[in-house]
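Student: So the sequences go chain by chain: H and D.
Following the working numbering, the residues of the first sequence are numbered contiguously, the last one being 1210.
Following the working numbering, the residues of the second sequence are numbered contiguously, the last one being 575.
Every residue gets a Cβ at the ideal spot worked out from N, C-alpha and C, and that includes glycine.
Remember, it's a predicted structure, so these values are computed and weren't measured experimentally.
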Amino acid sequence: MDPVSTTANIIENSSHLGIAVIIPLIGALTVMTMKNNPNLREFISSASSVLLFCVVLSFIPDVKAGKILVYDVFQLLPGLSITLRADGFSMIFAMVASSLWMIAVFYSMGYMRAHQEHCQTRFNACFALAIFGAIGVALSDNLFTLYLFYEIVSVCTYPLVAHEQDKDGYSGARKYIIYLTTTAKMFLLPALILIYVLVGNLDFPTQMYTGMLPPDTKSWMVVMLYIFCILGFAKNGIMPLHHWLPGAMVAPTPVSALLHAVAVVKVGVFCTTRTMLYVFGVDTMSALNLGIPTAYFVGFTILMASVIALTKDNLKARLAYSTVSQLSYIILGVALLTPHGIEGGLIHIVNHAFAKITLFFCAGAIMIAAHKKLISEMSGLGRTMPFTFGAFAIASLSMIGAPPVAGFVTKWYLLVGAMEAHQIGILLILIASTVLNVGYFAPVTYKAFFGKRPASEEQGIKEAPLSMLIPILIAVTISVIIGIYPNFMMDFVKVVTG
Amino acid sequence: MEHLVINQGFPLLSFLIFFPLFGALVLLFKSGDTFARFWTLAITSLEAIFSLPLLFGFDIKSADFQFVELYSWVPQWGINYIVGLDGISILLVLLSTLIMPLCVLASWKYIQKRVGQFMFCLLIMQVSMVGLFVALDFILFWVFWEFMLIPMYLLIAIWGGPRKDYASIKFFIYTMAGSVFLLVAILALYLENNHSFYIPDMMWQNYSTTFQVLVFLAFFLAFAIKVPMFPLHTWLPAAHVEAPTAGSVILASVLLKMGTYGMLRFCIPITPEATLMLAPYILWLSIAGIIYGGFTALAQSDMKKLIAYSSVGHMGFVTLGIFVLNPNGVEGSIIQMINHGVTTGALFLCVGMIYERTHSRELSVAQGCGKFMPWYATFLGLFCLSSFGFPGTNSFIGEFMILAGTFEHSTFLALAAIPGAVLAAAYMLRMLQKLLYGTENNPDQSHLKDLSFREIAVLSPFALFVFWIGLGPQPFIDLIHVSVANLLENLETWQQAQNVAQVMLQ
Chain H
713 MDPVSTTANI IENSSHLGIA VIIPLIGALT VMTMKNNPNL REFISSASSV LLFCVVLSFI
773 PDVKAGKILV YDVFQLLPGL SITLRADGFS MIFAMVASSL WMIAVFYSMG YMRAHQEHCQ
833 TRFNACFALA IFGAIGVALS DNLFTLYLFY EIVSVCTYPL VAHEQDKDGY SGARKYIIYL
893 TTTAKMFLLP ALILIYVLVG NLDFPTQMYT GMLPPDTKSW MVVMLYIFCI LGFAKNGIMP
953 LHHWLPGAMV APTPVSALLH AVAVVKVGVF CTTRTMLYVF GVDTMSALNL GIPTAYFVGF
1013 TILMASVIAL TKDNLKARLA YSTVSQLSYI ILGVALLTPH GIEGGLIHIV NHAFAKITLF
1073 FCAGAIMIAA HKKLISEMSG LGRTMPFTFG AFAIASLSMI GAPPVAGFVT KWYLLVGAME
1133 AHQIGILLIL IASTVLNVGY FAPVTYKAFF GKRPASEEQG IKEAPLSMLI PILIAVTISV
1193 IIGIYPNFMM DFVKVVTG
Chain D
70 MEHLVINQGF PLLSFLIFFP LFGALVLLFK SGDTFARFWT LAITSLEAIF SLPLLFGFDI
130 KSADFQFVEL YSWVPQWGIN YIVGLDGISI LLVLLSTLIM PLCVLASWKY IQKRVGQFMF
190 CLLIMQVSMV GLFVALDFIL FWVFWEFMLI PMYLLIAIWG GPRKDYASIK FFIYTMAGSV
250 FLLVAILALY LENNHSFYIP DMMWQNYSTT FQVLVFLAFF LAFAIKVPMF PLHTWLPAAH
310 VEAPTAGSVI LASVLLKMGT YGMLRFCIPI TPEATLMLAP YILWLSIAGI IYGGFTALAQ
370 SDMKKLIAYS SVGHMGFVTL GIFVLNPNGV EGSIIQMINH GVTTGALFLC VGMIYERTHS
430 RELSVAQGCG KFMPWYATFL GLFCLSSFGF PGTNSFIGEF MILAGTFEHS TFLALAAIPG
490 AVLAAAYMLR MLQKLLYGTE NNPDQSHLKD LSFREIAVLS PFALFVFWIG LGPQPFIDLI
550 HVSVANLLEN LETWQQAQNV AQVMLQ
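(1) What are the boundary residues of the alpha helix (DSSP H) that includes S1191(H)?
(2) Among all the DSSP beta bridges, which residues are the ones paired with F134(D)?
(3) Which residues, in chain order, does the stretch 288 to 321 of chain D contribute to contact with chain H at a C-beta distance below 8 Å?
(4) Are L82(D) and V196(D) closer than 8 Å when you measure CB to CB?
(5) Looking only at DSSP bridge pairs, what is F1104(H) linked to?
(6) Within the stretch 960 to 995 of chain H, note down every full alpha helix (DSSP H) run reaching 4 residues or more, in order along the chain.
(7) Less than 8 Å between CB atoms is the rule here; does F469(D) satisfy it with respect to chain H?
(8) Would you kindly check if the distance between the Cβ of V420(D) and the Cβ of K373(D) is under 8 Å?
(9) Let me see if you follow: with CB-CB separation under 8 Å, is T1096(H) close to chain D or not?
(10) Would you please verify whether the beta carbon of L557(D) is less than 8 Å from any beta carbon of chain H?
(11) Determine the DSSP secondary structure at L788(H), reduced to helix, strand or coil.
(12) Compute the beta-carbon to beta-carbon distance between Y1125(H) and I1059(H), rounded to the nearest angstrom, for a pair I have assumed lies under 8 Å.
(13) I'd like to check one pair, F805(H) with I1061(H): are the Cβ atoms closer than 8 Å?
(14) Going by CA-CA distance only, name the one from Y179(D), L110(D), G78(D) that's closest to I423(D).
(15) Compare the C-beta of F459(D) against all C-beta atoms of chain H and say whether one is closer than 8 Å.
(16) For D928(H), does the three-state DSSP call read helix, strand or coil?
(17) At a CB-CB cut-off below 7 Å, which residues of chain H make contact with I404(D)?
(18) Run through chain D and tell me which residues come within less than 8 Å of D878(H), C-beta to C-beta.
(19) What residue range does the alpha helix (DSSP H) around I843(H) cover?
(20) Would you give the residue range spanned by the beta strand (DSSP E) that Y350(D) belongs to?
(21) Give a yes or no on whether 8 Å exceeds the smallest Cβ distance from L451(D) to chain H.
(22) Are any of the Cβ atoms in chain D nearer than 8 Å to that of K930(H)?
(23) Quick one: is V143(D) buried, meaning 16 or more other Cβ sit within 10 Å of its Cβ, or exposed?
(24) Assign S757(H) to one of two classes, buried (16 or more other C-beta atoms within 10 Å of its C-beta) or exposed (fewer than that).
(25) Considering only the beta carbon of each residue, do I407(D) and L192(D) sit closer than 8 Å?
(26) Measuring only the C-alpha atoms, how far is F1072(H) from L418(D)?
(27) Evaluate P958(H) with the Cβ neighbour count: other Cβ atoms within 10 Å of its Cβ, from every protein chain shown; 16 or more gives buried, anything less gives exposed.
(28) Residues of chain D with CB closer than 9 Å to the CB of M898(H), please, in chain order.
(29) For the stretch 328 to 335 of chain D and the stretch 148 to 158 of chain D, state whether three or more C-beta atom pairs, one from each stretch, are separated by less than 8 Å.
(30) Along chain H, in chain order, which residues have C-beta atoms closer than 9 Å to that of G541(D)?
(31) Decide yes or no for the touch test of the stretch 771 to 790 of chain H against the stretch 538 to 554 of chain D: beta carbon pairs closer than 8 Å, at least 3 of them.
(32) Would you say F476(D) reaches chain H, if we count a Cβ-Cβ gap shorter than 8 Å as a contact?
(33) Hey, could you find the ends of the beta strand (DSSP E) G153(D) is sitting in?
(34) Buried or exposed, going by whether 16 or more other CB atoms sit within 10 Å of the CB of P773(H)?
(35) In whole angstroms, what separates the C-alpha of K1159(H) from that of A1021(H)?
(36) In three-state DSSP terms, what is Y267(D)?
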């Protein structure tokens, strides 16, 4: 891209970017003041989610035309600023986060009320704050802004993870915050400052090829920074720094659904891939041969996490390990550094989000309707809860990567990408992982529909309440639609890869 | 006496030094607790307002001393009354004047016995704090340095906690020991400089190496005790724990800065060769302090001790920034001095507010109080985040600049300081977690009242500065930039001159 067209493509002062970020923040602050008025409180939550989605939609025409929207918020030091941008890459995540917030707000209303949870105001406020962080991450224009919102997500989700305030809740939340802040301080902070010292600013370039490091940077320095960045964003769930994720499953199911299938972990992979492509760049990564070793490194996580998932009888734990495994698909795709690989990785941010949120929603619905957490106790439940388990079945097809659900698109691109990169090993990892996915998802559906209900089973289990069922069906429908018609989201990905 | 911009018209600096003294003298003649409170609040507030013209009259493009006032004091010994302000001291003076009214407000209910005398001590403290940062004559500096010791000793010894005698005497002995070395260094410089105590004339001279090293060590010992640097820090936790809230705030916010201010003002320009020679050791000592402070803070169950040890770590960052001797590092450490004043001061106030309610500083007694004190929880959360350098708050800017400077100096050294940042997050989040959540069986805290309007008014200015420095630090950096650049340029010029001289000799 020549410099002239680069400047022509940037639209400065796009203040609606600021509005997008501020909506969830204002939503959260308003919610805090409405302790005594649950209806109004939840109206505010839903209204801000709808509003945010509309604002994000308004970026689409410009971004699809290949333009980049930029908005300066604060200038801290020369080269260090809080700046927002919307480009193809950020739109992938912004669309996902804002649309799923809408769905999740409705779902959690149903869940929290059915469960009569305590501290619902704090819950709603922190939920909105987490989205504030996620949207900020999606729309950040430089490494500092990315780091700022990444940390906001860490801190604001602590109260959600510790929501139950019992022994498990506290120990899970402690593990959560220790893993996330320690890695961020230990690795990201020095990486951030070193890059600032080397470059003089932290701004992402407008394309994913050159990266931002000066060409004369010593290669050991680049490699060190790269390792810092991969390990620093521990929300990406790469082994061995993934322990916080299963630990955080003590949270209420809507939290697990939105945060640990969508917002938190996606913030992690989004940040990782953003830095891989925009801080280091495809050219630098290929020149130093960083891509393929990364792909094999995360390939281990893909397989290992799937194997662990096989052993888990608790449905949420199985889903958690499935998340660990699936997140690495995204990083693997990008690490292949071929156009199809990158496209496959990035589109999986979307595909995994919709499928995984459906699965978690279903787990929550089963909890509320049948009070079951263990897979072994769900035999025959599918016949009493057909919609819930039907949605579960379709979403697990997406995880496995079967057509016509969204996951198939990912698998297709990843396999093509692996072939382009001439990596037989990666191909084998992908195939083995698909088999493992079938291994831990198929039995759940099979047992639910064809298993025999134990005779001692209590009576009176009904399908989940409508307020939970509707979000489930919407999420699973979107999963199918983006499987059949992937181009809407693929267009953003194509903007990224040019 | 070049590099001086003589003050014309109203003698602002002298007024700022002596106005609180006038206030204190009035307190001697008029008794009454309520009067003492309101009178001191009025005096310190007026002092804060009168210090603001400094900001508007200060020329940020000049590295000279400004607002200078010069009077002969004891001519036969060459002692003069010279005060002046430059970029290195202006923020510290403003910090001292702005923090005082808040300290008075914070002691409103906390201090119930001998109120008038307490307020008298506070005003005397104010005199010496402002005086110390603007003094340009060494005897004047030393007078203020010692002058400050007595009210601080009394604050701890009279209004302190159960172990106040131990703490106050330890504080006194440590600081006194440092002061003696300081006096020796001052006298040595006096003899070397034609019997003059005028500080700017002592800078950038060609003293012999041995002389420089000795003077540097004497300075350094005095200032390192004050900062306090590891391993000379042991008086600090004791003093903090026993001091009343206002005492802790003044101690943390202003008194500790006197040490780092001294290093910048005296060590570097007066003994440049020794500075360059000994800087590597001091850098590693700073790192040791950062890590040690972090680990020790992590192990505390007493909130005041926790914050006191965190000060050791934070001040380690400041000395680290000073002795990497580059613009980012030095500017970062001045900003970090202000940040530490704001954040740690605010944290001590927060602990004081809990102490007033539960009469204990133990984490386990106060745990779970956040549920019943939402305003308190909000402020405490903010200051804790600020303390461990959360991006967007003031300490992040300071640590960022210091670490950027350190990375320019040596990658390895900077990486060694990073665990300190991790530990800061660990102990601050631990404290925050305990206070806001606690465990599944907390003591009953439902009797605790949330912050009063007065308490919110005390904490709000701190919160304002947390965000102001965190999001828009440029105006603050502009104030100090030219003076710091000048200091480092002089150091470089001096170094080059030395190298040329060496080549000539060979």
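Tutor: Per the coordinate set shown:
(1) Segment 1178 to 1196, the alpha helix (DSSP H) holding S1191(H).
(2) L73(D)
(3) none
(4) Taking the C-beta atoms as reference points, V196(D) is found no nearer than 8 Å to L82(D).
(5) DSSP output for F1104(H) lists no bridge partner at all.
(6) 965 to 970, 976 to 987
(7) Yes, contact with chain H.
(8) Contact flag set, yes.
(9) no
(10) With a threshold of 8 Å between beta carbons, L557(D) makes no contact with chain H.
(11) strand
(12) 7 Å
(13) Yes, these two residues count as a Cβ contact at 8 Å.
(14) Nearest C-alpha to I423(D): Y179(D).
(15) yes
(16) Assignment of D928(H) by DSSP, reduced to helix, strand and coil, places it in the coil class.
(17) Simply none; closest approach about 10 Å.
(18) For D878(H), the C-beta contacts it makes with chain D under 8 Å involve E509, in order along the chain.
(19) Counting along the chain, the alpha helix (DSSP H) containing I843(H) begins and ends at 832 to 850.
(20) Y350(D) -> not in any beta strand (DSSP E); alpha helix (DSSP H) instead, spanning 341 to 367.
(21) no
(22) no
(23) Exposed.
(24) Here S757(H) is buried. Its C-beta has 16 or more other C-beta atoms within 10 Å.
(25) no
(26) Taking the straight line from one Cα to the other gives about 44 Å.
(27) buried
(28) I487, P488, A490, V491
(29) yes
(30) F786, Q787, L788
(31) Verdict: yes, contact present.
(32) yes
(33) Where G153(D) is concerned, the enclosing beta strand (DSSP E) stretches over 148 to 154.
(34) exposed
(35) 17 Å
(36) strand
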